[in-house]
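So the protein lines, in turn, are chains C and R. Positions 556 to 1001 (the working numbering) are the ones given, in order, by the first sequence. Positions 59 to 387 (the working numbering) are the ones given, in order, by the second sequence. Each residue gets a CB set at the ideal place from its N, CA and C atoms; glycine is no exception.
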Amino acid sequence: MFENLSEKLDKAFKVLKGQGSISEINVAQTMKEIRKALISADVDYKTAKEFTATVKEKALGQEVLTTLKPGELLTKIMKDELAELMGSSSSELNLNSKPAIILVAGLQGSGKTTFCGKLAFFLKNNNKKSPLLVACDVYRPAAIDQISVLAEQVSAEVYKEIENKDPISISSNAVKYAKKNNHDVVIIDTAGRLAVDEAMMTEITNIKSSINPDEILFVVDSMTGQDAVNTAKAFNHRLDFNGVVLTKLDGDTRGGAALTIRSVVDKPIKFIGTSEKMEGLDIFHPDRMASRILGMGDVISLVERAQQQFDEQEARKIQKKIAKNTFGFDDFLKQIQQIKKMGNIKDLAGMIPGVGKAIKDVDIDDDAFKGIESIIYSMTPYERSNPNVLNGSRKKRIASGSGTNVQEINQLIKQFSQMGKMMKMMQGGGASKMMEMMKGNNLPRF
Amino acid sequence: MAFFDKIKNLFNNNDKVSSEESSQKQKKLEKSLEKTKTSLFNKITKTVVGKSKIDDNDLDDIEEILITSDIGVETSLKIIDRLEKRVEKDKYINSDELTDILKKEIEELLVVSKDITLEVDSVENVPYVIMVVGVNGVGKTTTIGKLAHKFKKAGLKVVLGAADTFRAAAVDQLVIWSERVGVDIVKQAMGSDPASVAFDTIQSAMSKNADVVIIDTAGRLHNKINLMNELSKIKNVMNKVVTNAPHDVLLVLDASTGQNAIEQAKQFSSVTQVNSLALTKLDGTAKGGVVIGISDQLQIPVRYIGVGEGMEDLQMFNKEDFVNTLFNN
Ligand SMILES: Nc1nc2c(ncn2[C@@H]2O[C@H](COP(=O)(O)OP(=O)(O)OP(=O)(O)O)[C@@H](O)[C@H]2O)c(=O)[nH]1
Ligand SMILES: Nc1nc2c(ncn2[C@@H]2O[C@H](COP(=O)(O)OP(=O)(O)O)[C@@H](O)[C@H]2O)c(=O)[nH]1
Ligand SMILES: [Mg+2]
Ligand SMILES: [Mg+2]
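Shown next as structure tokens:
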């Protein structure tokens, strides 16, 4: 998956070959597309913004080694950054106490009960533990039956008090029971609750303070969208949990919630759920998750399209020329051609650095440029690079060559020089003057 | 637009705005330029009086509201496009007015449908059969309990079918709901064929002259082909007892689900022809905005919302209310 991404990003950056480093211009639009893709992968709005800002910062000015193409470099930066954000892969449980108490919490339907069963199975097999499952969901119909069935499936003992409706006393009774009966791990399943349900949040805080768990695990559905940020913050605020369990990753969600949660609460993701069956538990691999978030979907094709349409070197040259006052009609022509080359303008305009905003809402057909092009084509190379020499007789010649009249040529020259001034101003940082001109809208229309 | 207006902006994106002159006006301008640079949707900054274009501050706010409600990039773009067209024509004065227009535009993307209670009579001499589907843990069984309660209150005779024979204690869970509400249930042993449970349930309902049948199914992820095929098998079996059954395939979506819900809707629809949606867990902080895109793209109406775990916590979906909550923080 990752190879694929790198390859595609590289294609996207092929225009940069020989360029040597990643610059503001070539990275800005790419970042915008990456941000859209992150949001489509359910990464939280703010997290996506911050993430792209960080990547951009790290990417800017990076030297591109001869062995590493810019696309590879950017992919690497992104992936490293993602993997780093998602923490290291060592996220062991603290099982030192006897018994070690693990409290499991989360929203309704996130997969808590199933995870409890899986964890019991996992610890029996991998750590030679003798876990006790505790049924503290006293609300959901048949919740106690459900965990009892799972306990039987994994051959673990379950602690339940059918008549007791108080999860706080059930949990502390269970811990006593575990001590007496030589269970070295206690896994407490709790009812699903919404972060805004004050009574239920107080309940789980009380469970926590009465049994003092060694590990509190927050179980989240990997399909969660933008709400992950609210929920993770709220649960963390109340419980200060130790780790996260990400469930239902056997689906096809991109799992951006993983990134969101990591960046808002800074707690490790310890396990992932990969099936409904008891074997379906895995430890979390940050780099695999990074690839999952990045590697799927159409981010790459978007990036690719944006980048292919834009010739970085060309833009640089033009900027230099403007600075040196040598911007001529040939350069102007190139600009037009670049715009025309894009094909479906409406679709692509937004992706081209420097052009995007200006023409996003405009219908451009090739005809719009025809008059200008034919005038320029009728100029000699010398005239094109030295607009000042255009005198009356030259203009007459150009007019008959291009099937226009001198008046039209005058208008073009006037606008051309006005544009030159304007671009120079932009370069010099005179943005306010520039805006003044635009506001006044005193530019002639063509 | 004049050609030069297009060209003159060629470089303004790359330009670093220097702020030596620090007049208020310019600072504001820079701020909006800065905002535009980070804005997801490339739009024009235009300082035209009268506001036939949405200015960048508003646009940024709108973007944040739409995205954080899980509306998604694609549908958000569509909404903003529609909004811009409207504004071009009708112009707006201030942000409040813009928000009102925006709400209207979003509402137009939503398809709703009426209460099933009102459709039960559309079938004659046979029970109206509802099949409930969805991925794991979204609230199918709970929604069935709530629906049964609603129908019973409307004086209808209801039979539930416990066709989730897979998840631990799934049958027990539905049994408890049937007792809570006081309706009949048909079940078999755990692990038995769900299609056979569905078949039995409808037959039993026929003989009892019941008005409504609701079939619970096991949660399944839409990318699991075998499980999805099982679902179409369950569906096809119903047809053998009552032609045209199921009359309604209700897809349950969890409001906290992100963009994956679109894929869920697509896949479940292609296997079972989903004809309405229930959006659960709206009593939390999740907005459930992803249904806007689903409703718009797939033309599946949203029928019910779940607002709690009790049997009364089911409401008809109401466009205006739904859209209003997107804007309340
Ligand atoms: N707060 C809230 N919780 C809900 C709502 N609907 C369902 N739930 C809870 O969500 C959890 C899962 O609900 P179920 O009805 O078991 O979901 P399901 O889709 O049948 O689950 P599976 O059959 O396991 O796939 C339960 O704890 C329900 O009480 C709702 O509208 N609001
Ligand atoms: N496919 C899949 N389903 C899961 C996974 N974890 C839990 N589930 C299912 O999700 C649903 C809700 O799980 P449950 O443990 O009852 O959630 P709880 O309400 O948080 O206790 C059930 O149908 C489970 O079988 C997983 O990793 N993959
Ligand atoms: Mg549970
Ligand atoms: Mg169920």
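Asked: Just how far apart, CA to CA, sit A206/R and E647/C?; Found: 45 angstroms
Asked: Strictly below 7 angstroms CB to CB, what residues from chain C border Q317/R?; Found: S595, D597, G780
Asked: Taking 7 angstroms as the line, does the beta carbon of R225/R fall inside it for any heavy atom of ligand 2?; Found: yes
Asked: Per DSSP, which residues does T745/C bridge with? Please list them.; Found: C691/C
Asked: Fully enclosed by the region 272–350 of chain R, which alpha helix (DSSP H) runs are 4 residues long or longer?; Found: 283–299, 318–330
Asked: Between which residues of its own chain and K377/R is the CB-CB distance below 8 angstroms, once the five residues before and five after are set aside?; Found: E165, L168, V170
Asked: Would you identify the three-state DSSP class for T757/C, choosing helix, strand or coil?; Found: helix
Asked: Along chain R, in chain order, which residues have C-beta atoms closer than 7 angstroms to that of S704/C?; Found: According to the sequence provided, residue 704/C is Val. The question's Ser does not apply to it. Per Cβ cutoff of 7 angstroms: A226, A227.
Asked: Strictly under 8 angstroms for the Cβ-Cβ distance: is G197/R near chain C by that measure?; Found: yes
Asked: Using a Cβ-Cβ cut-off of 8 angstroms, state whether T343/R counts as contacting chain C.; Found: yes
Asked: Pick out the complete beta strand (DSSP E) segments inside the region 772–820 of chain C, 3 residues or longer, and give them in chain order.; Found: 798–802
Asked: How far does the beta strand (DSSP E) with F826/C in it reach, from first residue to last?; Found: 824–828
Asked: Report yes or no: is there a C-beta of chain R within less than 8 angstroms of the C-beta of G664/C?; Found: yes
Asked: Does the region 354–367 of chain R touch the region 797–809 of chain C, meaning 3 or more C-beta pairs lie closer than 8 angstroms?; Found: no
Asked: Are G798/C and K822/C close, meaning C-beta to C-beta below 8 angstroms?; Found: yes
Asked: Is the beta carbon of F884/C closer than 8 angstroms to that of I953/C?; Found: no
Asked: Give the secondary structure of M586/C by DSSP, where H, G and I count as helix, E and B as strand, and everything else as coil.; Found: helix
Asked: Could you tell me whether the Cβ of K591/C comes closer than 8 angstroms to any Cβ of chain R?; Found: yes
Asked: Do you know how far the Cα of V241/R is from the Cα of N680/C?; Found: 44 angstroms
Asked: From which residue to which residue does the alpha helix (DSSP H) around G661/C run?; Found: Here G661/C belongs to no alpha helix (DSSP H); instead the beta strand (DSSP E) covers 655–661.
Asked: With distances taken Cα to Cα, identify the nearest neighbour of S940/C among Q973/C, I927/C, A675/C, K876/C.; Found: K876/C
Asked: Which one of K324/R, E367/R, G351/R, G346/R has the shortest CA to CA distance from L384/R?; Found: G346/R
Asked: For N785/C, which residues in chain R fall below 9 angstroms Cβ to Cβ?; Found: G342, T343, A344
Asked: Grab the span of the alpha helix (DSSP H) containing M264/R for me, first residue to last.; Found: 252–265
Asked: Verify the contact flag: N115/R, CB atom, against every heavy atom of ligand 6, threshold strictly below 7 angstroms.; Found: Inclusion of ligand 6 in the displayed structure is not the case, the ligand content consisting of ligand 1, ligand 2, ligand 3 and ligand 4 alone.
Asked: Any C-beta of chain C within less than 7 angstroms: which residues of the region 272–301 of chain R qualify?; Found: L279, N281
Asked: What residue from D744/C, F676/C, A655/C, I725/C has the CA that sits closest to S698/C's CA?; Found: The sequence shown places Ala at residue 698/C, rather than the Ser named in the question. Among D744/C, F676/C, A655/C, I725/C, the Cα nearest to that of A698/C is on D744/C.
Asked: Taking the C-alpha atoms as reference points, what is the distance between N287/R and T315/R?; Found: 24 angstroms
Asked: Determine the extent of the beta strand (DSSP E) in which L648/C is found, giving its start and end residues.; Found: That residue, L648/C, is in no beta strand (DSSP E); it is neither H nor E in DSSP.
Asked: Please confirm whether V365/R has its beta-carbon closer than 8 angstroms to some beta-carbon of chain C.; Found: no
Asked: Do you know offhand how far A783/C's Cα is from E321/R's?; Found: 19 angstroms
Asked: Using 8 angstroms as the Cβ pair cut-off and three pairs as the minimum, do the region 234–251 of chain R and the region 709–718 of chain C touch?; Found: no
Asked: Could you tell me whether the Cβ atoms of V751/C and G342/R are closer together than 8 angstroms?; Found: yes
Asked: Would you say Y600/C lies against chain R (beta-carbon separation less than 8 angstroms)?; Found: yes
Asked: Between V229/R and K204/R, which are expected to be in contact by the criterion C-beta below 8 angstroms, what is the C-beta distance as a whole number of angstroms?; Found: Actually they do not touch by this definition, with Cβ atoms about 18 angstroms apart.
Asked: Please confirm if the region 591–609 of chain C is in contact with the region 136–147 of chain R, defined as three or more CB-CB distances below 8 angstroms between the two stretches.; Found: no
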